[in-house]
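What follows is a short report on a single structure.
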Amino acid sequence: MPSHSIAVIGGGPAGLMAAETLAAAGACVDLYDAMPSVGRKFLLAGRGGLNLTHGEPLPAFLSRYREQAPWVGSWLADFGPQALRDWAHGLGVDTFVGTSGRVFPAGMKAAPLLRAWLQRLRAQGVRVHARHRWTGWDESGQLRFSTPAGETHVQADAVILALGGGSWSRLGSDGAWAPLLAGKGVDIMPLQPANCGFHADWSAHFQEHHAGEPLKSIAARVLDTAAPDAAAPDTHAPWQRGEIMLTRDGLEGGLVYALSAGLRQALDRTGEAVLALDLLPDREAAWVAGQVLYPRGAKSWSSHLRSRLNLHGAKAGLLRECLGKEDYADPARLAAAIKQLPVRLNGMRPMDEAISTAGGVRSQAMDERLMLRALPGVFCAGEMLDWDAPTGGYLLTACFAAGRAAARGALAWLH
């Protein structure tokens with residue numbers, strides 16, 4: 001094919017993967033990013049250990065994308081978790097599977113991987129333009145960029161937008177692209193926080209004594225309060241194990257993030273979400289009930305629960321916080337609550353505090369090549385598309401795969 005000029009806008013994993021795929025096919029690639037350097041959110045994600053992907057079987061992996069699993073799965077069919085690991089190895093970065101199934105680079109850090117990647121891109125001829133903030137199109141259809149030297153206009157044969165979601169605006173993902181595309185007739189689902197904390201109305205006493213404490217070795221699931229049989233435990237989603245951090249105004253942590261999509265949808269429907277917690281997931285309900293019913297004599301309930309169930313600290317405090325006095329004093333209700341404690345949540349933390357966002361360009365607004373139906377020659381990739389996933393490597397894997405899919409779509413269209 002003749003050498004086409006393609007603009008990639010956005011220097012995160014999706015944009016960088018798109019640039020690499022295009023350059024490897026012989027295209028002339030210019031990559032633009034609003035920040036002083038590329039990959040800033042990628043580097044932040046690796047600060048505590050870069051979780052590249054997950055080692056679980058592919059069917060379980062795909063299920064993490066919920067209703068968008070078929071769409072995301074079409075990208076992962078070409079560049080899935082193992083392909084991502086092989087790609088990292090090709091850059092000289094070995095990976096390993098941790099005890100939780102999560103996959104990390106040897107050394108755990110993002111910086112060595114990003115440095116090797118940028119060296120490859122430079123060797124391929126990719127030109128990186130930092131401090132170039134995309135502001136739309138001019139009257140002739142050229143791309144407009146705001147730069148320290150003033151506005152500049154760029155003509156390209158095709159464009160790949162990989163501008164991220166709306167979280168961590170200080171790192172470049174500010175969602176400013178949404179009105180620009182909506183103004184061109186692109187169907188966009190409003191951005192919302194994902195993988196974030198949730199609000200609860202704690203009492204002042206609970207805040208003072210338990211804010212900042214973890215709930216360890218618990219299980220959780222989202223209760224569907226809209227269902228007629230919502231009180232029946234076996235009608236709900238499976239329990240998920242993990243940890244939760246109590247905050248002054250609610251909950252956060254890995255287990256909350258894993259269930260954030262269901263919690264967000266419940267809030268959208270009714271204005272309230274109910275998270276059920278199993279405070280003793282390793283114990284059967286009948287055993288718990290037997291221990292609660294064991295004669296306590298002159299002991300207080302808190303002393304009784306500590307001695308019989310080893311239930312104390314944050315778990316005991318949350319149990320008392322979420323149960324009314326009558327329920328707490330009733331052994332049968334108390335035992336049931338230990339195995340399924342309803343925690344009522346009434347809001348989400350701000351989007352700029354979220355790890356990622358949901359919403360974005362709807363799948364219906366694009367063809368199978370990830371090209372916008374309203375804007376021929378313009379492709380989108382990464383977190384700006386309308387899908388979301390929990391933390392654990394699922395977000396990054398799909399961003400890499402979407403960048404590659406959009407690049408391959410652009411090459412096919414240019415042919």
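First residue of the sequence shown? That's 1 in the UniProt record's numbering, and the numbers climb one at a time after it. Ideal placement from N, C-alpha and C gives every residue a C-beta, glycine not left out.
- Contact holds between the stretch 270 to 284 and the stretch 333 to 352, because three or more Cβ pairs, one in each stretch, are under 8 Å apart.
- Contact between the stretch 68 to 75 and the stretch 200 to 213 is not established, with fewer than three Cβ pairs separated by less than 8 Å.
- DSSP, reduced to helix, strand and coil, places V38 outside both helices and strands of the structure shown, so it counts as coil.
- In the DSSP annotation of this structure, the continuous segment of the alpha helix (DSSP H) that includes R115 starts and ends at 111 to 124.
- Take L22, set aside five residues on each side of it, and the residues of its chain with a beta-carbon closer than 6 Å to its own are I6, V29, A407, in chain order.
- Scanning its chain for C-beta atoms nearer than 6 Å, with the 5 sequence neighbours on each side dropped, one finds around I9 the residues Y32, W134, L161, in chain order.
- Taking C-beta atoms as the reference points, L309 and V343 fail to come closer than 8 Å.
- Contact check for G175 against G166 passes: the beta carbons are separated by less than 8 Å.
- The stretch 26 to 71 is shown to contain whole alpha helix (DSSP H) runs of 4 or more residues at 40 to 45, 58 to 63, in chain order.
- Excluding sequence positions up to five before and after D367, its CB lies within less than 7 Å of the CB of R373, all in the same chain and listed in chain order.
- The continuous alpha helix (DSSP H) containing I338 extends over residues 331 to 339.
- DSSP, read as helix, strand or coil, puts S307 in helix.
- Between A106 and V93, the C-beta gap is smaller than 8 Å, which places the two residues in contact.
- Per DSSP, the beta-bridge partners of R241 are A219.
- Look at A354 here: in three-state DSSP terms it is coil, with no helix or strand label.
- Distance from the Cα of R144 is smallest, within the candidate group L180, H54, W168, R170, for L180.
- A distance below 7 Å between beta-carbons, with the five flanking residues on each side excluded, links D268 to no residue of its chain.
- Distance from the Cα of G90 is smallest, within the candidate group L114, E67, I188, for L114.
- Around the C-beta of G359, 16 or more other C-beta atoms lie within 10 Å, and the residue is accordingly described as buried.
- If you compare the alpha carbons of R131, M108, A77, L16 with that of S37, the shortest gap goes to R131.
- Taking C-alpha positions only, D138 is separated from S363 by approximately 26 Å.
- Excluding the 5 residues flanking it on each side, V222 has same chain C-beta neighbours closer than 8 Å at H236, A237, L259, G262, L263, A266, A273, V274, L275, A276, in chain order.
- Taking a cut-off of 8 Å for Cβ pairs, the stretch 48 to 59 and the stretch 140 to 154 do not touch, as fewer than three such pairs fall below it.
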